[in-house]
Each structure stands twice: as structure tokens, then as C-alpha cells.
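Here's the structure we're looking at; comments come further down.
Number of protein chains: 2
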Amino acid sequence: MPSDLGHALLGLLARRPSTGYELARRMQRPVGWFWTAGHSQVYPELARLEAAGLVRHDVVPGRGPRATKRYAPTAAGTAALRQWVTAELAPQPVRDLEVLRLWSVWLVDPEAASDLVHRVRDGHAQRLAAYEADLATLDGVAAAHDPSAPEFASRLTLEGGLRTRRAAVEWCDWMLAELARAAPG
Amino acid sequence: MPSDLGHALLGLLARRPSTGYELARRMQRPVGWFWTAGHSQVYPELARLEAAGLVRHDVVPGRGPRATKRYAPTAAGTAALRQWVTAELAPQPVRDLEVLRLWSVWLVDPEAASDLVHRVRDGHAQRLAAYEADLATLDGVAAAHDPSAPEFASRLTLEGGLRTRRAAVEWCDWMLAELARAAPG
DNA sequence: CAACTCATGTAATGAGTTACATGATTGA
DNA sequence: TCAATCATGTAACTCATTACATGAGTTG
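Quick note, the sequences are listed as chains X and Y, same order.
Here the first sequence is numbered in UniProt numbering, starting from 1 and rising by one per residue.
Here the second sequence is numbered in UniProt numbering, starting from 1 and rising by one per residue.
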């Protein structure tokens, strides 16, 4: 049974066969919106997936110093991915460094606190804009409304990012108001 | 300079001196809402913080087989924490296994997809309830409105969790409607 | 007397990041 | 000709999880 990263790669390959290099790029975006990996993770994981019979590759005459390998999922790979999607999922621990910092924000003066919240807000607003842009390109596509098309799933996840980032931006505005109320001037 | 975990522990100790065991428990909740660690991470990190002069301990005649050590931040420790709170913060990569699964949900039939979304919704709703309960206990406390009190920061972070979880639950409801619309039956 | 909580640590494993290493083709 | 992109891999290191190990006091 592959790792989470392995399933991320299978998810990418189920949408479109790719080289390791392409997978590493696609892991930055769009998959990077909710899962990231560098190429130094991708290549060994591809080898493990291949050893498990979940992906296979053919060699295309390449442009680098080594042979260029194009990977695609096997029937077993697609089946494993399909099964994993609906498998039991333990509640996920949250890991948010920004919130961890805000939790100790009572130690600093209100001006420094406001500055921090502004920077946090900017980050969320930037992500929000990126999600909106991605969703806009999907808007015209008919497949985005067909539950068996990958574009449908892309639309679901983008909509989720949109809503949580929108909530985060509103939260930051609320915090700024709280800080201003508590310490005016 | 301590790790993120080190700053999490300093944040706990700045609120209340504790033993390693208590810190490990407090890392489950409330800090566990946004950062987690087990006791096997806590003890070595406390030793590192002490070696760096950021915490110190006194020995209280203990109940375990070894001496019970109660830790508190030093002046340097509190200063380091205060500085870290407002320090430069690189944009954080998101890591969300639930969204990663939903991204491949186009591979499964609409009934299985709805079931998955229901389970995701339950998880968010449970967390939302926990946040609401924690916020309710803070509601009566006057310190929760004083920006220099730790309860103020607790209120900020809980409010953030509340808003993002609320958005997530609404997102799940939206997905269920989308799935029902696309595949009625 | 069994189970649970308090209390502290180490060891092994797995996952993730950063750095090292190479080299062809394409476009400015 | 210089830089970027395509393309693949390994090595060192850090961080996190799980398992091992011990033992007193309290509650049912």
C-alpha cells in the first residue's frame, strides 16, 4: 500500500501520464494547493510505485543526460487509487504555524500584533485570488459539471479553498477590529 | 534559535510553568487545535531549550520513578518567543489529506462520493462544536478582551478555527447539493 | 489486584527538506 | 554565450510517529 505521496502521484497520473519532472512541477500547482512534494521525493516514490506494479513507464528519447521516462498508472494502480479515495480516514491533525504565532500574540504590543495580522491577511488574500483565477478558467468547461470528469473534482477542491480563504480574510479583518477596539490610537 | 516545536513549548510555558508530561498533554489540547507533538518530541526539545538557556527547571519531589521537573521560561526564553511571534514568516504550504482525496473523487461513483463528503462534514462539525465549547468557557472571562492577556490570544485563535470550520461545513453541504444535482436518484 | 494516571526517557522508522551532481536543448 | 528549461537521480539532515522501557500512587 502506497504512502499519501504515492496516492497523490497516482491521482496526477490518472489525469494525465507524465514524466517525474512534470509530476514534480504539477505537485507545486495545482496539487500544491493542498499537498506538496519536491522532485527528490517524486523519483524514489515513482520507483516504489513501479516495484509495486501500480505504475509503468515507457522511455521516450529524451532531452536530458538520462533517458526520459513517461509514467502511467496500471489497472492495479487506478484500482488502488479508487479504493483509497473512499477508505477509512482518521481525523487529521492541524498544523498551522500562523495560528501558533497568533496564540502567543498577547506578548507583543498591539501595533506589532496588527502588523502581523495584516501580513497573515495578505497571504490569505493572495491565495484567494489564485483560487479565483483557477476557478475562472474552469468555468467555461462543461466537464466541470460532470461528476466522472477530473475537472469536476478540481472544481470541488477549488471551491473549498475559496470558501476557507474567504473566511480567513474575514477573520483577519475581525481581529484587526478587535485590536483597534481594545487599544485605540 | 529553537524550532517551531520549541516556540510552541515556550508559548505554553509563558502561560503556565509545567512538567514535560503536562506539556505533552497540553500539546494535544488546546495547542493541538493547530500544532501537535507527542511526549517523545517534548522531552528532547525541553533539553535543547534548557541547553540554550531559554527555559530552566526546578525539581519537585515527584510521583514517578524519576525526579519530576517543572519548567519555566527564562527572561531570554520569553524574549525569544516575543521576537519569533512577529518575525518574518514564509508562506506556509498547505497539507490536507481530505482535499487530496476529494481531488480524485471523480474516479468513484456518486453514492460513494456523497458518503465521503458526509464523513468529511462530520469531522468538521465535530471540531466546530469543540471550538464553540472552548469559546463559551472563555466568554465570561474579562481577560479575553485584554490584548495583553493570554486569554485574548486564545479567543482570537478559537474564533479563527470557528470561522474556517463553519466555512468547511457549508462547503460540504454545497458539495452534497452539487453531487445530487449532477446525479439524481 | 487490575487498570489508569502521573512521570520520564530512548530507539527505530518513516517522511520531508535542502543540497549535491550532471548534462542536453532552446531562446534571448 | 549566457540563462532558463527539461530531465534525472543521490546524500545529508531534520522532523515526526510509533514502539520500547520503567515504576510509583490512586481508584474501582
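Cβ atoms here follow ideal geometry from the backbone N, Cα and C, with glycine treated the same way.
By alpha-carbon positions, which one of the options ends up nearest to residue i?
i                 : options                                : result
Arg29 of chain Y  : Y:Ala72, Y:Glu50, Y:Asp134, Y:Pro2     : Y:Asp134
Ala142 of chain X : X:Tyr131, X:Glu132, X:Arg155, X:Ala130 : X:Arg155
Gln126 of chain X : Y:Ala112, Y:Pro91, Y:Asp109            : Y:Pro91
Ala130 of chain X : X:Trp33, X:Ala24, X:Ser3               : X:Trp33
Pro110 of chain X : Y:Pro61, Y:Phe152, Y:Ala113            : Y:Phe152
Asp96 of chain X  : Y:Tyr21, Y:Trp171, Y:Thr157            : Y:Thr157
Trp171 of chain Y : Y:Val60, Y:Ser114, Y:Leu10             : Y:Ser114
Leu162 of chain X : X:His7, X:Ala112, X:Ala136             : X:Ala136
Ala87 of chain Y  : X:Ala76, X:Ala52, X:Leu23, X:Ala112    : X:Ala112
His57 of chain X  : X:Leu100, X:Leu10, X:Leu116, X:Ala168  : X:Leu10
Ala47 of chain X  : X:Val31, X:Ser3, X:Gln83               : X:Ser3
Leu102 of chain Y : X:Val55, X:Val31, X:Leu54              : X:Val31
Ala76 of chain Y  : Y:Glu132, Y:Val55, Y:Pro61             : Y:Val55
Met1 of chain X   : X:Glu22, X:Glu132, X:Gln83, X:Glu178   : X:Gln83
Pro147 of chain Y : X:Pro184, X:Gly140, X:Glu22            : X:Pro184
Would residue i and residue j qualify as a contact pair, given that the criterion is a beta-carbon distance under 9 angstroms?
i                 : j                 : result
Thr164 of chain X : Thr164 of chain Y : yes
Thr19 of chain X  : Tyr71 of chain X  : yes
Leu176 of chain Y : His124 of chain Y : no
Val94 of chain X  : Ser104 of chain Y : no
Leu12 of chain Y  : Arg26 of chain Y  : yes
Ala182 of chain Y : His145 of chain X : yes
Glu98 of chain Y  : Trp174 of chain X : no
Thr68 of chain X  : Ala14 of chain X  : no
Leu81 of chain X  : Leu107 of chain Y : yes
Ala24 of chain Y  : His39 of chain Y  : yes
Ala167 of chain Y : Leu100 of chain X : no
For the alpha helix (DSSP H) that contains residue i, what are its first and last residues?
i                 : result
Arg29 of chain Y  : Per DSSP, Arg29 of chain Y belongs to no alpha helix (DSSP H) and is neither H nor E.
Asp109 of chain Y : Asp109 of chain Y -> no alpha helix (DSSP H), and no H or E assigned at all.
Glu50 of chain X  : 39-51
His145 of chain X : Where His145 of chain X is concerned, there is no enclosing alpha helix (DSSP H), given that its DSSP letter is neither H nor E.
Arg101 of chain Y : 97-102
Leu9 of chain Y   : 4-15
Could you tell me the boundaries of the beta strand (DSSP E) in which residue i lies?
i                : result
Arg70 of chain Y : 68-73
His57 of chain X : 55-60
Only counting the same chain, and skipping five residues up and downstream in sequence, which positions put a Cβ closer than 7 angstroms to that of residue i?
i                 : result
Pro17 of chain X  : Arg70, Tyr71, Ala72
Ala149 of chain Y : Ala143
Leu5 of chain X   : Ala37, Gln41, Glu45
Tyr43 of chain Y  : Gly20
Val169 of chain Y : Arg121, His124, Ala125, Leu128
Gly53 of chain X  : Thr74, Ala76
Gly140 of chain Y : none
Take residue i and list the residues in its own chain whose beta-carbon comes closer than 8 angstroms to its own, dropping the five residues that flank it on each side.
i                 : result
Leu138 of chain X : Ala144, Glu151, Ser154, Arg155, Leu158
Glu132 of chain Y : Leu162
Leu116 of chain Y : Arg101, Leu102, Val105, Val108
Glu178 of chain Y : none
Leaving out five residues before and five after residue i in sequence, what residues of the same chain have Cβ atoms less than 6 angstroms from its Cβ?
i                : result
Pro61 of chain X : none
Report task. Using a Cβ-Cβ cut-off of less than 8 angstroms, list which residues of the segment 69-87 of chain Y approach chain X; keep chain order. Result -> Answer set for the segment 69-87 of chain Y: Thr78, Leu81, Arg82, Trp84, Val85, Thr86.
Name, going along the chain, the residues of the segment 17-50 of chain X whose beta-carbon falls closer than 9 angstroms to a beta-carbon of chain Y. Within the segment 17-50 of chain X, the residues whose Cβ lies closer than 9 angstroms to some Cβ of chain Y are Pro30, Val31, Gly32, Trp33, Phe34, Trp35, Thr36, listed in chain order.
At a Cβ cut of 9 angstroms, what residues of the segment 96-118 of chain X count as close to chain Y, listed as they run along the chain?
The residues in question are Asp96, Leu97, Glu98, Val99, Leu100, Arg101, Leu102, Trp103, Ser104, Val105, Trp106, Leu107, Val108, Asp109, Pro110, Ala112, Ala113, Asp115, Leu116, Val117.
Which residues, taken in chain order from the segment 1-17 of chain X, show a beta carbon closer than 9 angstroms to some beta carbon of chain Y? Those residues of the segment 1-17 of chain X that come within reach of chain Y (Cβ to Cβ, closer than 9 angstroms) are Asp4, His7, Ala8, Leu10, Gly11, Ala14, Arg15.
Note to self: By the 8 angstroms beta-carbon criterion, what residues does the segment 162-178 of chain Y contribute toward chain X?
What the structure shows: Of all residues in the segment 162-178 of chain Y, Arg163, Thr164, Arg166, Ala167, Ala168, Glu170, Trp171, Trp174, Met175, Glu178 have a Cβ within less than 8 angstroms of some Cβ in chain X.
Report task. Name, going along the chain, the residues of the segment 130-150 of chain Y whose beta-carbon falls closer than 8 angstroms to a beta-carbon of chain X. Result -> If the cut-off is 8 angstroms between Cβ atoms, the segment 130-150 of chain Y has His145, Asp146, Pro147, Ser148, Ala149, Pro150 near chain X.
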